[in-house]
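Heads up: the structure comes next, in structure tokens.
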Amino acid sequence: MTMNRVRALNIASYRKAGTSFTYYPKKSDLHDNFSRDLLDMKSGLRPELESLFVLRLLEFIVLNNLNLTGIVRILGHDEMYAEANHPLHRVAMQLANKTGIPFHYDWFTKPLTPKTASLGSRAERFAHIHGTYSVALPHHSTEPMRILVIDDVVTSRTTAQEVHRALREANPNVECYFFALAESYHRNTMARPQNIVRTPDRYHYPHAA
Numbered sequence: 020m021t022m023n024r025v026r027a028l029n030i031a032s033y034r035k036a037g038t039s040f041t042y043y044p045k046k047s048d049l050h051d052n053f054s055r056d057l058l059d060m061k062s063g064l065r066p067e068l069e070s071l072f073v074l075r076l077l078e079f080i081v082l083n084n085l086n087l088t089g090i091v092r093i094l095g096h097d098e099m100y101a102e103a104n105h106p107l108h109r110v111a112m113q114l115a116n117k118t119g120i121p122f123h124y125d126w127f128t129k130p131l132t133p134k135t136a137s138l139g140s141r142a143e144r145f146a147h148i149h150g151t152y153s154v155a156l157p158h159h160s161t162e163p164m165r166i167l168v169i170d171d172v173v174t175s176r177t178t179a180q181e182v183h184r185a186l187r188e189a190n191p192n193v194e195c196y197f198f199a200l201a202e203s204y205h206r207n208t209m210a211r212p213q214n215i216v217r218t219p220d221r222y223h224y225p226h227a228a
């Protein structure tokens, strides 16, 4: 397993965080095949990209020698709880099946998040989402936990921080780790890439081993 395809992210309070790709939003003047495919995956149309996501998660776990006790996933804008037909749910299930790490799909609940919550400054987004996630741990456990939080795209990091807050309030003895398949491109904070692929050809994703 090659260990050069995961890069570190800096997200406050997380012990380790990582990603593999850069996602270029539709409103960006930069476009590539991966970003189009990622949008397709979010709509459930790219199962091979889900398999690649699982491979990168496995690399992140091995690279950082993580001894995890559980997996959770970020909820979508239109989810109040983790729904089984969501692509990120399938990714978490595949990872759990390959590693034997429990996937706690029933821990999180939240109200529906208006898409306008993703607009505005980072501080405004955090103020909007703060307190929205609720966590129900079994038996109100305070035993030490090492939890991997997964997401498809990380943008402002506010949702990741909100999930961390909710987990820590439910159990002060939890250690949190985070991995997203892609980080959203920010013109003001990221170097402009030199080799954006603009051909119509699809990226060829490897099969999960």
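Quick note on the numbering used here: the sequence shown kicks off at 20 and runs consecutively.
Virtual Cβ for every residue (Gly too), placed ideally from N, Cα, C.
Since the model is a prediction, treat every value here as computed from it, not as a measurement.
Return the Cβ separation of residue i and residue j in integer angstroms, given the expectation that the two are a contact with Cβ distance under 8 Å.
i, j, result
"V25", "F79", "5 Å"
"S153", "A185", "7 Å"
"T88", "I166", "7 Å"
"A201", "Y42", "4 Å"
How is residue i classed by DSSP in three states: helix, strand or coil?
i, result
"K117", "helix"
"A27", "strand"
Using C-beta distances below 6 Å, list every residue in its chain close to residue i, excluding the 5 sequence neighbours before and after it, in chain order.
i, result
"R34", "E194 and Y196"
"T174", "S203"
"D170", "I93 and A199"
"Y124", "A101"
"F72", "V110 and L200"
"P121", "G89"
"S54", "Y42 and Y43"
"I215", "Bear in mind that a pLDDT of 45 at I215, under 50, signals an unreliable position, so the number given afterwards is only what the model happens to contain. Cβ neighbours of I215 beyond the five flanking positions: L49 and D51."
Under 8 Å Cβ to Cβ from residue i, same chain only, skipping five residues before and after it: list those, please.
i, result
"R221", "Confidence in R221 is poor, its pLDDT being 44 and thus under 50, which makes the residue's placement unreliable; the coordinate value appears in the next sentence. Once the five neighbours on either side are set aside, the close Cβ partners of R221 are N52 and D56."
"E69", "M60, P106, R109, V110 and Q113"
"L248", "The displayed coordinates of the chain run from 20 to 228. Any statement about residue 248 would go beyond what the structure contains."
"K117", "V73 and L77"
"N104", "G63"
What residues are listed by DSSP as bridge partners for residue i?
i, result
"V15", "Coverage of the chain is limited to positions 20 through 228, which leaves residue 15 absent and any answer about it impossible."
"T41", "E202"
"V154", "F127"
"K35", "Y196"
"F72", "Answer is none; F72 lacks a bridge partner."
Residue i lies in the beta strand (DSSP E); which residues open and close that run?
i, result
"D171", "M164 to V173"
"G95", "Where G95 is concerned, there is no enclosing beta strand (DSSP E), given that its DSSP letter is neither H nor E."
Can you tell me where the alpha helix (DSSP H) with residue i in it begins and where it stops?
i, result
"K61", "N52 to K61"
"R187", "T177 to A189"
Spatial neighbours of residue i within its chain, please: CB distance less than 7 Å, with the 5 preceding and 5 following residues excluded, ordered by chain position.
i, result
"N83", "K35"
"S160", "N190"
"R75", "R24, V25, S39 and L200"
"V91", "H123, W126, F127, I166 and V168"
"G37", "V25, R26, A27, L28, F79 and F198"
"H183", "S32, Y33 and C195"
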